[in-house]
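**Q**
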Amino acid sequence: MSRPAVVSVQEWRAARDALLVKEKEHTRALDALAAERRRLPMVRLDPGYRFTAPDGSGVDFADLFDGRRQLVVYHFMLHPGSDHVCDGCSSFTDNLADQSHLNARDTTLALMSPASQEQISLVRKRFGWTTPWYSAFGSTFYDDLELGGGFGVSVFLRDGDEIFRSYYTSGRGVDRLRMDFNLLDLTPYGRQETWEDSPEGWPQTPTMQWLRHRDEY
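With positions in the sequence shown counted from 1, the corresponding number in this note's numbering is that position plus 25.
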């Protein structure tokens, strides 16, 4: 199997130090981008949307915040009446950890799908996920926010009775939130996908072709 060149400790340290300069520049660029993101204007939303909670009860939009000011929602691709469970969304959810540290900064994380809670509960039980997962079935929420049928991340802010949408990202914007992808990006072979700029002979397969539900590997 092809692999990186093997060099002396001194040569490795010099190459690592050179890369570190670029990594620090990238970190500062991400900090600047986050600062700009914090200054984005917001859109006021109707607080009257209703959702179905994991226990089957109807809840208000404000209830999703669980008493906190900020809410991050991952839009899980699970469509009404469909048996298809997105493996990308499933692997993303597998990466979600305990929320204690988020909660300490007045922030709640939740999942949401346009499918019914009956559909959602089957998937949740299959994988044993504990992250709150709400159904927007029967609501105009997805249409009003132009979420379409794909995955993505929305961020909301609650100020008293007012609720605002502050941020949204999808596609590669979600990649940076995943522990598994970010750890793979640190390794010699990376994600091992054909879109990556890797040396000749590195193991690569078509994008996301390798990904499975965790009980299917």
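C-beta: ideal position from N, C-alpha, C; glycine also.
(1) Among residues of its own chain, excluding the 5 on either side of G81, which ones have a beta-carbon nearer than 8 Å to its beta-carbon?
(2) Would you identify the three-state DSSP class for F7, choosing helix, strand or coil?
(3) Under 8 Å by Cβ, that's how I've got Y192 and V180 pegged, so tell me the actual separation to the nearest angstrom.
(4) Is the stretch 126-143 touching the stretch 97-106 in the sense that three or more CB pairs, one from each, lie closer than 8 Å?
(5) At which residues does the alpha helix (DSSP H) containing L45 begin and terminate?
(6) Classify A30: buried if its beta carbon has 16 or more other beta carbons within 10 angstroms, exposed otherwise.
(7) To the nearest whole angstrom, what separates the beta carbons of V11 and F76, a pair I think is in contact under 8 Å?
(8) In angstroms with no decimal places, state the Cα-to-Cα distance between V199 and S33.
(9) Could you tell me which of D71, W220, R237 sits nearest to T230, measuring between CA atoms?
(10) Which same chain residues end up closer than 6 Å to F189 when comparing Cβ atoms and leaving out the 5 residues on each side of it in sequence?
(11) List the DSSP bridge partners of E187.
(12) Let me know the secondary structure DSSP gives M26 once reduced to three states.
(13) DSSP three-state label for F76, please.
(14) Return the Cβ separation of R156 and T118 in integer angstroms, given the expectation that the two are a contact with Cβ distance under 8 Å.
(15) Below 8 Å CB to CB, which residues in the same chain sit around F206 once its five sequence neighbours on both sides are set aside?
**A** Let me lay it out:
(1) As a first step, residue 81 is located in the sequence shown; it is residue number 56 there, counting from the start. Taken in chain order, the residues that qualify are Q142.
(2) Any question about residue 7 goes unanswered here, given that the chain covers just 26 to 242.
(3) To locate residue 192, count along the sequence shown from 1; it is residue 167. To locate residue 180, count along the sequence shown from 1; it is residue 155. With 8 Å as the limit, Y192 and V180 qualify as a contact, their Cβ atoms being about 4 Å apart.
(4) Contact holds between the stretch 97-106 and the stretch 126-143, because three or more Cβ pairs, one in each stretch, are under 8 Å apart.
(5) Position 20 of the sequence shown, counted from the start, is the residue given in the question as residue 45. Unbroken alpha helix (DSSP H) run through L45: 34-63.
(6) Mapped onto the sequence shown, residue 30 falls at position 5. Per the 10 Å Cβ criterion, exposed.
(7) As shown, the chain starts at 26 and ends at 242. That puts residue 11 outside it, with no answer to give.
(8) Reading the sequence shown from its first residue, position 174 is the one you call residue 199. Reading the sequence shown from its first residue, position 8 is the one you call residue 33. In a straight line, the C-alpha of V199 is about 38 Å away from that of S33.
(9) Residue 230 sits at position 205 when you count from the first residue of the sequence shown. Nearest to T230 by alpha-carbon distance, out of D71, W220, R237, is W220.
(10) Counting from one through the sequence shown, the residue named residue 189 turns up at place 164. Contacts found: M67, R69, L182.
(11) As a first step, residue 187 must be located in the sequence shown, where it is residue number 162. Beta-bridge pairing by DSSP links E187 to D184.
(12) Position 1 of the sequence shown, counting from 1, holds the residue named residue 26. Coil at M26, not helix or strand.
(13) The residue given as residue 76 occupies position 51 in the sequence shown. Strand at F76.
(14) Taking the first residue of the sequence shown as position 1, residue 156 is located at position 131. Taking the first residue of the sequence shown as position 1, residue 118 is located at position 93. It is worth fixing the name first, because residue 156 is Thr in this sequence and not Arg. About 7 Å separates the two Cβ atoms, so the contact holds.
(15) Within the sequence shown, numbered from 1, the residue matching residue 206 stands at position 181. These residues qualify, in order along the chain: D200, R216.
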